[in-house]
Amino acid sequence: MKPHEIDEVDTLIRTAFLTAPVTDGSEQDLAKRLRSSAGYLPEQELVALDDDRIIGHILTTRIVIDGETGPVNTLEVAPLCVASDHRCRGIGALLVEEALNRGRAAGFPAVFLVGDPRYYARFGFRPVAELGIHNTSPIPDEVVLGVELEPGALDGIDGSVTLV
725 MKPHEIDEVD TLIRTAFLTA PVTDGSEQDL AKRLRSSAGY LPEQELVALD DDRIIGHILT
785 TRIVIDGETG PVNTLEVAPL CVASDHRCRG IGALLVEEAL NRGRAAGFPA VFLVGDPRYY
845 ARFGFRPVAE LGIHNTSPIP DEVVLGVELE PGALDGIDGS VTLV
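As C-alpha coordinates, then:
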(Lines of atoms letter the chains of each structure in order from A and count residues from 1; the text may use other names and numbers.)
(Lines give C-alpha, C1' and ligand atoms only; values in the text may rest on other atoms or scores of the structure.)
Protein backbone atom coordinates (compact mmCIF):
# COMPACT_ATOMS: atom_id res chain seq x y z
CA MET A 1 0.00 0.00 0.00
CA LYS A 2 1.23 3.48 -0.82
CA PRO A 3 1.40 6.17 1.89
CA HIS A 4 -1.06 8.48 0.09
CA GLU A 5 -3.68 5.71 0.18
CA ILE A 6 -3.91 5.57 3.98
CA ASP A 7 -6.74 8.13 4.31
CA GLU A 8 -8.73 6.39 1.57
CA VAL A 9 -8.22 3.02 3.26
CA ASP A 10 -9.27 4.38 6.65
CA THR A 11 -12.44 5.81 5.09
CA LEU A 12 -13.14 2.45 3.42
CA ILE A 13 -12.70 0.61 6.72
CA ARG A 14 -15.03 3.01 8.55
CA THR A 15 -17.78 2.85 5.92
CA ALA A 16 -17.45 -0.91 5.29
CA PHE A 17 -17.95 -1.70 8.97
CA LEU A 18 -21.09 0.46 9.19
CA THR A 19 -23.00 -2.57 7.90
CA ALA A 20 -21.08 -5.22 9.86
CA PRO A 21 -23.19 -7.41 12.17
CA VAL A 22 -20.63 -6.87 14.95
CA THR A 23 -18.68 -3.62 15.18
CA ASP A 24 -17.68 -1.02 17.70
CA GLY A 25 -17.04 1.63 15.04
CA SER A 26 -13.33 1.84 15.77
CA GLU A 27 -11.90 -0.57 13.18
CA GLN A 28 -10.19 2.28 11.29
CA ASP A 29 -8.54 3.34 14.57
CA LEU A 30 -7.35 -0.23 15.07
CA ALA A 31 -5.71 -0.14 11.63
CA LYS A 32 -3.97 3.13 12.54
CA ARG A 33 -2.69 1.65 15.82
CA LEU A 34 -1.44 -1.47 14.06
CA ARG A 35 0.39 0.61 11.44
CA SER A 36 2.33 2.32 14.23
CA SER A 37 3.04 -0.91 16.13
CA ALA A 38 6.30 -2.83 16.20
CA GLY A 39 4.53 -5.68 14.39
CA TYR A 40 3.58 -3.62 11.34
CA LEU A 41 4.81 -5.12 8.09
CA PRO A 42 4.11 -2.73 5.18
CA GLU A 43 4.34 -5.57 2.66
CA GLN A 44 1.47 -7.30 4.51
CA GLU A 45 -1.01 -4.44 4.04
CA LEU A 46 -2.88 -4.99 0.80
CA VAL A 47 -5.56 -3.19 -1.17
CA ALA A 48 -7.85 -4.22 -4.01
CA LEU A 49 -8.47 -1.63 -6.72
CA ASP A 50 -11.24 -0.98 -9.21
CA ASP A 51 -9.55 1.41 -11.61
CA ASP A 52 -8.00 3.87 -9.14
CA ARG A 53 -10.56 3.37 -6.36
CA ILE A 54 -9.63 1.27 -3.32
CA ILE A 55 -12.44 -1.25 -2.87
CA GLY A 56 -10.85 -3.76 -0.50
CA HIS A 57 -8.24 -3.90 2.24
CA ILE A 58 -6.51 -6.41 4.49
CA LEU A 59 -3.83 -5.84 7.09
CA THR A 60 -1.75 -8.57 8.70
CA THR A 61 0.70 -7.71 11.44
CA ARG A 62 3.27 -9.75 13.32
CA ILE A 63 2.16 -11.03 16.72
CA VAL A 64 3.82 -13.38 19.16
CA ILE A 65 2.41 -16.59 20.58
CA ASP A 66 3.72 -17.26 24.04
CA GLY A 67 4.61 -20.91 23.65
CA GLU A 68 5.85 -23.30 26.30
CA THR A 69 9.14 -23.59 24.42
CA GLY A 70 9.44 -19.84 23.80
CA PRO A 71 7.91 -17.08 21.69
CA VAL A 72 6.69 -17.85 18.15
CA ASN A 73 6.24 -15.08 15.57
CA THR A 74 2.94 -15.38 13.73
CA LEU A 75 0.52 -13.05 11.95
CA GLU A 76 -2.83 -11.51 12.85
CA VAL A 77 -5.42 -10.28 10.33
CA ALA A 78 -7.23 -7.11 11.38
CA PRO A 79 -9.23 -5.78 9.61
CA LEU A 80 -10.47 -7.22 6.32
CA CYS A 81 -13.07 -5.17 4.46
CA VAL A 82 -14.62 -4.69 1.03
CA ALA A 83 -16.67 -1.72 -0.18
CA SER A 84 -20.38 -2.50 0.08
CA ASP A 85 -20.95 -2.07 -3.66
CA HIS A 86 -18.25 -4.66 -4.44
CA ARG A 87 -19.18 -7.41 -1.96
CA CYS A 88 -20.00 -11.00 -2.92
CA ARG A 89 -17.58 -10.88 -5.87
CA GLY A 90 -14.69 -12.78 -4.30
CA ILE A 91 -12.60 -9.70 -3.48
CA GLY A 92 -12.34 -10.50 0.23
CA ALA A 93 -11.37 -14.08 -0.59
CA LEU A 94 -8.63 -12.91 -2.95
CA LEU A 95 -7.26 -10.58 -0.27
CA VAL A 96 -7.25 -13.34 2.35
CA GLU A 97 -5.58 -15.81 -0.01
CA GLU A 98 -2.89 -13.29 -0.95
CA ALA A 99 -2.26 -12.42 2.70
CA LEU A 100 -1.89 -16.13 3.53
CA ASN A 101 0.43 -16.67 0.57
CA ARG A 102 2.60 -13.73 1.60
CA GLY A 103 2.71 -14.93 5.19
CA ARG A 104 3.72 -18.40 4.02
CA ALA A 105 6.42 -16.97 1.72
CA ALA A 106 7.78 -14.88 4.60
CA GLY A 107 8.11 -18.00 6.75
CA PHE A 108 5.36 -17.37 9.29
CA PRO A 109 3.89 -20.60 10.67
CA ALA A 110 0.32 -19.41 11.24
CA VAL A 111 -2.22 -16.62 10.95
CA PHE A 112 -4.85 -15.66 13.54
CA LEU A 113 -7.92 -13.43 13.45
CA VAL A 114 -11.21 -12.55 15.04
CA GLY A 115 -14.03 -13.32 12.65
CA ASP A 116 -17.02 -15.30 11.53
CA PRO A 117 -16.08 -19.01 11.50
CA ARG A 118 -18.56 -19.66 8.68
CA TYR A 119 -16.71 -17.24 6.38
CA TYR A 120 -13.12 -18.07 7.33
CA ALA A 121 -13.46 -21.88 7.41
CA ARG A 122 -13.06 -21.94 3.60
CA PHE A 123 -9.45 -20.77 4.09
CA GLY A 124 -8.74 -23.41 6.75
CA PHE A 125 -9.31 -21.20 9.80
CA ARG A 126 -10.64 -22.94 12.87
CA PRO A 127 -10.96 -22.15 16.58
CA VAL A 128 -7.52 -21.65 18.12
CA ALA A 129 -8.17 -24.29 20.76
CA GLU A 130 -8.16 -26.90 17.97
CA LEU A 131 -4.61 -25.76 17.17
CA GLY A 132 -3.46 -26.15 20.79
CA ILE A 133 -3.44 -22.38 21.33
CA HIS A 134 -5.23 -20.68 24.21
CA ASN A 135 -7.18 -17.45 23.67
CA THR A 136 -6.21 -15.02 26.43
CA SER A 137 -8.20 -12.06 25.10
CA PRO A 138 -11.68 -11.11 26.32
CA ILE A 139 -12.98 -11.97 22.84
CA PRO A 140 -15.25 -15.08 22.76
CA ASP A 141 -13.35 -18.27 21.91
CA GLU A 142 -15.69 -19.22 19.06
CA VAL A 143 -14.57 -16.24 16.94
CA VAL A 144 -10.84 -16.38 17.69
CA LEU A 145 -9.56 -18.41 14.75
CA GLY A 146 -6.25 -19.59 13.37
CA VAL A 147 -4.77 -21.44 10.42
CA GLU A 148 -1.42 -23.14 10.06
CA LEU A 149 0.39 -22.00 6.92
CA GLU A 150 2.17 -25.34 6.76
CA PRO A 151 0.63 -28.53 8.16
CA GLY A 152 1.89 -29.22 11.67
CA ALA A 153 3.52 -25.78 12.01
CA LEU A 154 2.06 -25.34 15.49
CA ASP A 155 2.55 -28.90 16.72
CA GLY A 156 3.94 -28.85 20.24
CA ILE A 157 3.67 -25.06 20.67
CA ASP A 158 0.94 -25.24 23.36
CA GLY A 159 0.89 -21.50 23.78
CA SER A 160 -1.40 -18.54 24.19
CA VAL A 161 -2.41 -15.68 21.94
CA THR A 162 -4.04 -12.34 22.68
CA LEU A 163 -5.73 -10.77 19.67
CA VAL A 164 -6.76 -7.15 19.40
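Start counting at 1 in the sequence shown, then tack on 724, and there's your number in our numbering. Built from N, CA and C at the ideal position, the CB exists for glycine as well. It should be emphasised that the depicted structure is a prediction, and the values quoted were computed from it without experimental measurement.
Taking the C-alpha atoms as reference points, what is the distance between V746 and V838?
Sequence index remark: in the sequence shown, residue 746 carries index 22 (1-based). Sequence index remark: in the sequence shown, residue 838 carries index 114 (1-based). Looking at the two C-alpha atoms, the distance is approximately 11 Å.
For N859, does the count of other Cβ atoms within 10 angstroms reach 16, so buried, or fall short, so exposed?
The residue given as residue 859 occupies position 135 in the sequence shown. Per the 10 Å Cβ criterion, buried.
Quick one: grab the DSSP three-state call for V733.
Start at 1 with the first residue of the sequence shown, and residue 733 comes out as number 9. V733 falls in the helix class under three-state DSSP.
State the beta-bridge partners of E872 as determined by DSSP.
Numbered from its first residue, the sequence shown carries residue 872 at position 148. The partner list for E872 (beta bridge, DSSP) reads A834.
Range covered by the alpha helix (DSSP H) that runs through V820
Here residue 820 is taken as the residue at index 96 of the sequence shown, counted from 1. Segment 815 to 829, the alpha helix (DSSP H) holding V820.
If you measure between the beta carbons of F847 and L819, is that distance less than 8 Å?
Translated into positions along the sequence shown, residue 847 becomes position 123. Translated into positions along the sequence shown, residue 819 becomes position 95. Against a cut-off of 8 Å, the Cβ pair of L819 and F847 comes out as no contact.
Taking only the alpha-carbon atoms, compute the straight-line gap between D882 and L855 and give it to the nearest angstrom.
The residue labelled residue 882 in the question sits at position 158 within the sequence shown. The residue labelled residue 855 in the question sits at position 131 within the sequence shown. Going from the Cα of D882 to the Cα of L855 covers about 8 Å.
With a cut-off of 8 Å, do at least 3 Cβ pairs link the stretch 766 to 773 to the stretch 805 to 820?
yes
T785 versus Y844: straight-line alpha-carbon distance, rounded
Looking up residue 785 in the sequence shown gives position 61. Looking up residue 844 in the sequence shown gives position 120. Computed Cα separation, rounded: 18 Å.
On a Cα-Cα basis, can you pick out the residue from S861, D879, E866 that is closest to L701?
The question about residue 701 has no answer here: the residues shown for the chain are numbered 725 through 888.
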